[in-house]
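As structure tokens, the structure follows; a few thoughts come after it.
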Amino acid sequence: MYRYDRFDHQLVAERVAQFRDQVRRRLSGELKEDEFRVLRLQNGVYMQVHAYMMRLAAPYGMVSSDQMRMFAHIARKYDRGYGHFTTRQNIQFNWLKLQDTPDILADLATVEAHAIQTSGNCIRNITTDEFAGVAQDELIDPRPYAELLRQWSTLHPEFAYLPRKFKLSITGAAQDRAAIEINDVGLQVVKNAQGEVGFRVLVGGGLGRTPVIGTEINAFVPWQHIITFAESIVRVYNEFGRRDNLYKARIKILVKAIGIDEFRRQVEEEWKLNKDGPSTLTQAELDRVAACFTAPGYVTLPAEDVAVAALQRDNKAFSSWLKRNVKSHKIAGYAAVELSLKRTGIAPGDATAEQMEAAAALADKYSFGELRITHMQNLVLADVKRSDLIALWEAAKVQGFATPNIGLLTDIICCPGGDFCTLANARSITLAKAVDERFDDIDYLQDIGEVDLNISGCVNACAHHHVGHIGILGVDKSGDEWYQVSIGGAKGSPAAIGKIIGRSFSFAQIPEVVSRLLQVYVKARFADERFIDTVRRVGLDPFVEYVYATPVPEEAKLLLPDYELIQQGTPYDAPYYSPRF
Amino acid sequence: MLIKNNEIVTDEWTVLRLQEGEAANSVVVPEGKVIVPLPVWNCQHDALQGRTELGLWLAGFERAEDIPDAVHRFPVIAIDFHKYTDGRGYTLAYRLRKQMGYRGELRAMGDVLHDQLFYLKRVGFDAFALPKDKDAQAALAGFTDFSLSYQASVDLDAPLHRRVTRGSAA
Ligand code: SF4
Numbered sequence: 000m001y002r003y004d005r006f007d008h009q010l011v012a013e014r015v016a017q018f019r020d021q022v023r024r025r026l027s028g029e030l031k032e033d034e035f036r037v038l039r040l041q042n043g044v045y046m047q048v049h050a051y052m053m054r055l056a057a058p059y060g061m062v063s064s065d066q067m068r069m070f071a072h073i074a075r076k077y078d079r080g081y082g083h084f085t086t087r088q089n090i091q092f093n094w095l096k097l098q099d100t101p102d103i104l105a106d107l108a109t110v111e112a113h114a115i116q117t118s119g120n121c122i123r124n125i126t127t128d129e130f131a132g133v134a135q136d137e138l139i140d141p142r143p144y145a146e147l148l149r150q151w152s153t154l155h156p157e158f159a160y161l162p163r164k165f166k167l168s169i170t171g172a173a174q175d176r177a178a179i180e181i182n183d184v185g186l187q188v189v190k191n192a193q194g195e196v197g198f199r200v201l202v203g204g205g206l207g208r209t210p211v212i213g214t215e216i217n218a219f220v221p222w223q224h225i226i227t228f229a230e231s232i233v234r235v236y237n238e239f240g241r242r243d244n245l246y247k248a249r250i251k252i253l254v255k256a257i258g259i260d261e262f263r264r265q266v267e268e269e270w271k272l273n274k275d276g277p278s279t280l281t282q283a284e285l286d287r288v289a290a291c292f293t294a295p296g297y298v299t300l301p302a303e304d305v306a307v308a309a310l311q312r313d314n315k316a317f318s319s320w321l322k323r324n325v326k327s328h329k330i331a332g333y334a335a336v337e338l339s340l341k342r343t344g345i346a347p348g349d350a351t352a353e354q355m356e357a358a359a360a361l362a363d364k365y366s367f368g369e370l371r372i373t374h375m376q377n378l379v380l381a382d383v384k385r386s387d388l389i390a391l392w393e394a395a396k397v398q399g400f401a402t403p404n405i406g407l408l409t410d411i412i413c414c415p416g417g418d419f420c421t422l423a424n425a426r427s428i429t430l431a432k433a434v435d436e437r438f439d440d441i442d443y444l445q446d447i448g449e450v451d452l453n454i455s456g457c458v459n460a461c462a463h464h465h466v467g468h469i470g471i472l473g474v475d476k477s478g479d480e481w482y483q484v485s486i487g488g489a490k491g492s493p494a495a496i497g498k499i500i501g502r503s504f505s506f507a508q509i510p511e512v513v514s515r516l517l518q519v520y521v522k523a524r525f526a527d528e529r530f531i532d533t534v535r536r537v538g539l540d541p542f543v544e545y546v547y548a549t550p551v552p553e554e555a556k557l558l559l560p561d562y563e564l565i566q567q568g569t570p571y572d573a574p575y576y577s578p579r580f
Numbered sequence: 000m001l002i003k004n005n006e007i008v009t010d011e012w013t014v015l016r017l018q019e020g021e022a023a024n025s026v027v028v029p030e031g032k033v034i035v036p037l038p039v040w041n042c043q044h045d046a047l048q049g050r051t052e053l054g055l056w057l058a059g060f061e062r063a064e065d066i067p068d069a070v071h072r073f074p075v076i077a078i079d080f081h082k083y084t085d086g087r088g089y090t091l092a093y094r095l096r097k098q099m100g101y102r103g104e105l106r107a108m109g110d111v112l113h114d115q116l117f118y119l120k121r122v123g124f125d126a127f128a129l130p131k132d133k134d135a136q137a138a139l140a141g142f143t144d145f146s147l148s149y150q151a152s153v154d155l156d157a158p159l160h161r162r163v164t165r166g167s168a169a
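Residue numbers (numbering that gives the first Met the number 0), protein chains in the order written: chain V, 0 to 580; chain F, 0 to 169.
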């Protein structure tokens with residue numbers, strides 16, 4: 000992964016000192032909250048009802064074992080012993096004191112990490128494929144480019160006060176695991192007919208209140224010019240993006256308002272002025288950064304391990320885990336392993352300090368000391384020898400990392416929802432738990448196969464329900480909690496916005512609704528066809544017809560007034576955050 | 000209070016702002032060093048043409064490109080930040096300096112604070128009119144928050160990798 004040189008170290012150290020002084024001035028009253036708010040947000044610090052929340056950057060999801068141990072240290076020393084991995088491949092802590100935040104940044108700096116621009120109306124942490132560098136379908140490793148873009152966007156003097164947040168995502172693989180179509184700017188590394196490397200650039204994607212799939216603005220920007228091209232896009236946006244309405248301020252609204260052709264024309268005009276200028280990337284700089292992402296010391300191994308194959312035959316739990324949590328690797332004899340952070344009743348992505356330390360130890364032992372955070376809020380060990388899989392599986396089980404549900408219905412993405420978030424119309428985590436309990440038969444889940452289920456507690460769409468194969472949205476009807484269900488959404492390859500199936504349902508009806516949707520799928524699918532592919536092929540009608548054919552019963556236990564997700568003793572006891580800002 | 004060349008100096012200019020009931024075409028531009036808003040310049044440039052000591056100010060939504068030739072006649076152009084979070088002024092400054100070649104004083108005024116000074120300077124501002132209730136002396140520290148920057152802008156012609164020999168891990 001990228002290693003700091005003395006300039007990176009110095010910049011981060013100066014940032015810590017700057018923020019320490021800002022916090023000091025805030026605490027002394029010299030800075031008013033309104034003046035301080037944006038400064039703290041650009042260091043990832045949110046003010047919540049009862050505490051400060053801080054989001055730390057894991058650039059493009061890459062984390063060293065030392066950094067992971069530092070997260071554990073922060074969880075213990077400054078928080079309540081746990082942290083939360085986010086859909087943007089970062090980690091956040093929910094129970095902090097403002098006066099501690101400069102020390103947290105100083106601690107982080109010792110392991111080459113920071114919290115720069117993890118929030119605020121600026122260019123945010125760039126996300127990428129969690130299997131970058133190891134995926135079999137990868138054309139080009141996107142991480143060197145992600146790092147070059149990170150440096151360009153870090154403390155960019157012109158773009159710290161954009162109309163709204165600005166998210167970039169980059170992929171180098173055939174299958175888009177980085178959701179580039181739903182980012183403000185999405186980059187796909189491609190090669191042209193001459194074999195030169197460049198980027199297909201999409202612009203104006205995003206979810207939230209107005210979900211939009213990004214549009215291609217340029218089919219091939221040679222890699223040397225990606226900085227000047229990106230700069231041209233952001234400059235036009237900074238100048239013309241709306242600033243009068245929070246909900247219309249993202250770049251997608253600007254692109255829609257003036258049309259992609261006019262937007263492209265303006266960007267091209269701007270690009271003419273700085274293309275080939277000094278911001279053009281050099282081969283030397285690319286080489287320097289790319290040298291940080293060379294293959295680790297792989298050894299030659301047989302493609303299959305005999306003991307693994309034997310246990311796969313004899314042990315169902317192991318074979319389920321292999322099927323779901325172990326991914327193929329471009330090097331023979333290696334695999335990428337997902338550590339699941341989804342456990343019933345816990346906010347998806349939460350991990351305790353002990354788990355973080357355990358994950359770091361597993362990374363050291365089995366995966367060259369590196370981990371990745373996935374947008375599904377799990378962890379990945381990207382370079383595991385297949386011959387280590389059995390030992391790793393045993394160790395993962397001990398830590399609760401081995402739930403064999405990656406990509407299955409119960410690998411749910413849900414937002415904090417009504418249990419924690421003050422903006423919610425409905426509960427999300429509780430509903431995830433209800434679904435989890437209804438579909439606890441792993442054989443059935445395996446048979447159903449890949450289904451992305453996303454649950455957002457309100458229209459702000461923090462759980463990206465628009466791009467769930469099944470998307471559930473909490474809506475308010477005269478003060479009551481209801482849920483709208485959509486199907487056919489997808490986060491990539493290609494991305495699609497789901498369509499609402501009809502009138503909404505009560506909390507206690509949802510598990511049955513999901514079951515009916517799956518029943519239609521099972522009847523209609525061809526062979527190995529995935530749920531989403533069946534929906535695409537047969538359309539909405541068969542699903543709608545069956546779901547609404549007879550009244551949907553409410554599940555009795557979900558009607559009990561004491562049906563509660565939040566068990567005694569869980570660390571949350573107050574609304575904690577809304578990640579939408 | 001005006002910060003110029005890292006010092007606090009007295010401001011010789013007055014800023015003309017249209018008051019309620021005043022119109023750009025009829026407001027009287029007082030004698031002396033006056034910074035006028037763009038609409039006043041647009042309406043009255045024939046009458047103001049001869050005045051050398053005339054400055055111009057732009058709001059975030061206004062564009063210097065609309066008067067590409069005239070900008071160079073102003074010894075001072077000010078950009079007004081009605082709120083420090085309105086980032087349009089940064090791009091406006093960048094364009095004036097980098098793309099239009101404006102060489103006069105470029106002044107940030109309005110909600111201009113200590114913690115924005117470093118970025119403002121980077122995009123080409125060289126004068127800073129802080130609000131009266133702010134400690135301009137203390138704010139000077141804001142210019143030295145960072146001793147290096149990754150990217151090019153108005154102050155630095157090239158990104159870091161072209162200015163220094165970057166290392167591998169250190
Ligand atoms: S604001 Fe976000 S976290 Fe809160 S309920 Fe709405 S979607 Fe969920």
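Don't be surprised by glycine CBs; every beta carbon is placed ideally from N, CA and C.
Straight-line Cα distance separating residue 22 of chain F from residue 51 of chain F: Taking the first residue of the second sequence as position 1, residue 51 of chain F is located at position 52. Taking the first residue of the second sequence as position 1, residue 22 of chain F is located at position 23. Their Cα atoms are separated by approximately 23 Å.
By the 10 Å Cβ neighbour count, where 16 or more other Cβ atoms means buried, how is residue 27 of chain V classified, buried or exposed? Indexing the first sequence from 1 puts residue 27 of chain V at position 28. Label assigned to residue 27 of chain V: exposed.
Under 7 Å by beta carbon: chain V residues contacting residue 98 of chain F: Within the second sequence, the letter at position 99 stands for residue 98 of chain F. 272, listed in chain order.
Taking the straight line between their C-alpha atoms, what separation do you get for residue 24 of chain V and residue 86 of chain F? Taking the first sequence and counting its residues from 1, one reaches residue 24 of chain V at position 25. Taking the second sequence and counting its residues from 1, one reaches residue 86 of chain F at position 87. Looking at the two C-alpha atoms, the distance is approximately 23 Å.
Is the Cβ of residue 6 of chain V closer than 8 Å to any Cβ of chain F? Position 7 of the first sequence, counting from 1, holds the residue named residue 6 of chain V. Yes, residue 6 of chain V counts as interfacial toward chain F.
Identify every run of the beta strand (DSSP E) within the segment 101 to 172 of chain V, keeping only runs that are complete inside it and at least 3 residues long; order them along the chain. 167 to 170
Going by C-alpha to C-alpha distance, which of V:559, V:487, V:505 and V:527 sits closest to residue 543 of chain V? Translated into the one-based positions of the first sequence, residue 543 of chain V becomes position 544. Nearest of V:559, V:487, V:505 and V:527 to residue 543 of chain V, Cα basis: V:487.
Following the continuous alpha helix (DSSP H) through residue 320 of chain V, name the residue where it begins and the one where it ends. Counted from its first residue, the first sequence places residue 320 of chain V at position 321. Here the alpha helix (DSSP H) through residue 320 of chain V covers 315 to 324.
Where the beta strand (DSSP E) through residue 75 of chain F begins and ends: Here residue 75 of chain F corresponds to residue number 76 of the second sequence, with the count starting at 1. 75 to 80 is the span of the beta strand (DSSP E), which, as asked, contains residue 75 of chain F.
Does the structure place the segment 252 to 260 of chain V close enough to the segment 300 to 318 of chain V that three or more beta carbon pairs sit under 8 Å? no
Using a cut-off of 8 Å between C-beta atoms, extract the partners of residue 163 of chain F located in chain V. Within the second sequence, the letter at position 164 stands for residue 163 of chain F. Result: 6.
At least 3 beta-carbon pairs within less than 8 Å: the segment 103 to 110 of chain V vs the segment 70 to 77 of chain V: yes
Specify, as a first and last residue, the run of the beta strand (DSSP E) that residue 91 of chain V falls within. Start at 1 with the first residue of the first sequence, and residue 91 of chain V comes out as number 92. Looking at the DSSP string, the run of the beta strand (DSSP E) that includes residue 91 of chain V is 90 to 95.
Sequence-distant residues of its chain with Cβ nearer than 6 Å to residue 154 of chain F (five each side left out): Counted from its first residue, the second sequence places residue 154 of chain F at position 155. Result list for residue 154 of chain F: 121, in chain order.
Straight-line Cα distance separating residue 73 of chain F from residue 144 of chain V: Numbered from 1 along the first sequence, position 145 holds the residue referred to as residue 144 of chain V. Numbered from 1 along the second sequence, position 74 holds the residue referred to as residue 73 of chain F. Looking at the two C-alpha atoms, the distance is approximately 42 Å.
Are the C-beta of residue 157 of chain V and some C-beta of chain F separated by less than 8 Å? As a position in the first sequence, residue 157 of chain V is number 158, starting the count at 1. Yes - at least one Cβ of chain F is within 8 Å of the one on residue 157 of chain V.
Do residue 455 of chain V and the ligand SF4 come close, with the Cβ less than 7 Å from some heavy atom? On the first sequence, residue 455 of chain V is found 456 positions in, with the first residue counted as 1. Flag set: Cβ of residue 455 of chain V near the ligand SF4.
Please name the residues in the segment 182 to 214 of chain V whose beta-carbon is closer than 9 Å to at least one beta-carbon of chain F, in chain order. none
Where are the alpha helix (DSSP H) runs, 4 residues long or more, that stay fully inside the segment 447 to 471 of chain V, in chain order? none
Test: residue 277 of chain V CB closer than 8 Å to a CB of chain F: Taking the first residue of the first sequence as 1, we reach residue 277 of chain V at position 278. Chain F, which has a Cβ nearer than 8 Å to the Cβ of residue 277 of chain V, makes this yes.
One or two residues paired with residue 51 of chain V in a DSSP bridge: Counting from 1 along the first sequence, the entry for residue 51 of chain V is found at position 52. Answer is V:46 and V:95, bridged to residue 51 of chain V.
Check for me: the beta strand (DSSP E) holding residue 349 of chain V runs from which residue to which? Residue 349 of chain V sits at position 350 when you count from the first residue of the first sequence. Residues 349 to 351.
For the ligand SF4, any of its heavy atoms closer than 7 Å to the Cβ of residue 415 of chain V? Against the first sequence, residue 415 of chain V aligns to sequence position 416. Yes, since a heavy atom of the ligand SF4 falls inside the 7 Å radius drawn around the Cβ of residue 415 of chain V.
Report the three-state DSSP secondary structure of residue 257 of chain V (helix, strand or coil). As a working mapping, residue 257 of chain V is identified with position 258 in the first sequence. If DSSP states are grouped into helix, strand and coil, residue 257 of chain V belongs with the helices.
Helix, strand or coil: how does DSSP classify residue 504 of chain V here? Sequence index remark: in the first sequence, residue 504 of chain V carries index 505 (1-based). Residue 504 of chain V falls in the strand class under three-state DSSP.
Quick one: grab the DSSP three-state call for residue 221 of chain V. For the purposes of this step, residue 221 of chain V is identified with residue 222 of the first sequence, where counting begins at 1. Strand at residue 221 of chain V.
Segments of 3+ residues assigned as beta strand (DSSP E) that fall wholly inside the segment 20 to 47 of chain F: 33 to 36
Leaving out five residues on either side along the sequence, give the residues of the same chain with a beta carbon under 6 Å from the beta carbon of residue 554 of chain V. Walking along the first sequence from the start, residue 554 of chain V turns up at place 555. Excluding residues within five positions, the ones whose Cβ falls inside 6 Å are 507 and 510.
Taking all protein chains shown into account, do 16 or more other C-beta atoms lie within 10 angstroms of the C-beta of residue 117 of chain V, making it buried, or fewer, making it exposed? Here the question's residue 117 of chain V lines up with position 118 in the first sequence. Looking at its Cβ environment, which holds 16 or more other Cβ atoms inside 10 Å, residue 117 of chain V is buried.
Taking the beta strand (DSSP E) that residue 3 of chain F belongs to, which residues open and close that run? The residue given as residue 3 of chain F occupies position 4 in the second sequence. Here the beta strand (DSSP E) through residue 3 of chain F covers 1 to 3.
For a minimum of 4 consecutive residues, which ranges assigned as the alpha helix (DSSP H) are wholly contained in the segment 247 to 312 of chain V? 250 to 257, 259 to 273 and 282 to 289
Go to residue 588 of chain V, then tell me how far its beta strand (DSSP E) extends in each direction, as first and last residue. Residue 588 of chain V lies beyond the stretch modelled for chain V, which goes from 0 to 580, so this question has no answer here.
Is residue 126 of chain F close to chain V, meaning its C-beta is less than 8 Å from at least one C-beta of that chain? Taking the first residue of the second sequence as 1, we reach residue 126 of chain F at position 127. By this cut-off, residue 126 of chain F is not an interface position.
For residue 210 of chain V and residue 146 of chain F, the rounded distance between their alpha carbons: Locating residue 146 of chain F in the second sequence gives position 147, where the first residue counts as 1. Locating residue 210 of chain V in the first sequence gives position 211, where the first residue counts as 1. In a straight line, the C-alpha of residue 146 of chain F is about 41 Å away from that of residue 210 of chain V.
For residue 495 of chain V, which beta-bridge partners are listed by DSSP? Position 496 of the first sequence holds residue 495 of chain V. Answer by DSSP bridge pairing, in chain order: V:489.
Beta-carbon gap between residue 413 of chain V and residue 489 of chain V smaller than 8 Å: The count along the first sequence starts at 1 and reaches residue 413 of chain V at position 414. The count along the first sequence starts at 1 and reaches residue 489 of chain V at position 490. Cβ atoms of residue 413 of chain V and residue 489 of chain V: not closer than 8 Å.
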